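The sequence shown: position 4 = 4 (the UniProt record's numbering), numbered continuously.
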Amino acid sequence: MESKTVTQLRRYCCENKIRGYLKLKKAELIELIQNQNIFQFHNDVFSKPKKERELKIKCCGQYYKKSYMKRHFQSEKHQNYQRTNVDSSLPTKPKKATQIKCDDCEE
Numbered sequence: 001m002e003s004k005t006v007t008q009l010r011r012y013c014c015e016n017k018i019r020g021y022l023k024l025k026k027a028e029l030i031e032l033i034q035n036q037n038i039f040q041f042h043n044d045v046f047s048k049p050k051k052e053r054e055l056k057i058k059c060c061g062q063y064y065k066k067s068y069m070k071r072h073f074q075s076e077k078h079q080n081y082q083r084t085n086v087d088s089s090l091p092t093k094p095k096k097a098t099q100i101k102c103d104d105c106e107e
C-alpha cells in the first residue's frame, strides 16, 4: 500500500465504493482502506437460500403436498369424496317424459 500513489489509492476507493476518500492524505487513505477491508462483506453471506416449494397434487377439489398424499388417501374425506363422485358418475334411470297438454289444442 505504501508504494502506491494517492491517485491510485483514490481510484481503488472509487472502484470499491468506499466513501469519504477525496479529502484524505495518503496515510489516512491507507488507514481507510485497511479499515474497510476488515468490515467488507457481501449481503449473500447473510441471505438464506430460498426453500424449494414442494409439489402439490390436486385431489378431492383441493391441493395437497406430495408427502401428504399417502395420509390423504386413507382419510375419510377422500373416501367420502370418491363415493359421492362414483355415485354421481353411475348412469341414472332416465326420467319419464311428462306430457304437457295445451288447453287450445285438445287432441
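Each residue gets a CB set at the ideal place from its N, CA and C atoms; glycine is no exception. None of the values given here were measured: they were computed from a predicted structure.
For the alpha helix (DSSP H) containing TYR68, name the first residue and the last one.
The residue given as residue 68 occupies position 68 in the sequence shown. Here TYR68 belongs to no alpha helix (DSSP H), and DSSP marks it neither H nor E.
For THR5 and LYS26, I'd like the C-alpha separation in whole angstroms.
On the sequence shown, residue 5 is found 5 positions in, with the first residue counted as 1. On the sequence shown, residue 26 is found 26 positions in, with the first residue counted as 1. Looking at the two C-alpha atoms, the distance is approximately 8 Å.
Would you tell me roughly how many angstroms separate the C-alpha atoms of SER67 and ARG83, rounded to the nearest one?
Working through the sequence shown from its first residue, we reach residue 67 at position 67. Working through the sequence shown from its first residue, we reach residue 83 at position 83. Distance between the alpha carbons of SER67 and ARG83: 24 Å.
Determine the extent of the alpha helix (DSSP H) in which CYS14 is found, giving its start and end residues.
On the sequence shown, position 14 is the one that residue 14 refers to. Counting along the chain, the alpha helix (DSSP H) containing CYS14 begins and ends at 6-15.
Consult DSSP for ILE18 and reduce its assignment to one of helix, strand or coil.
Reading the sequence shown from its first residue, position 18 is the one you call residue 18. In this structure, ILE18 counts as coil in the three-state DSSP scheme.
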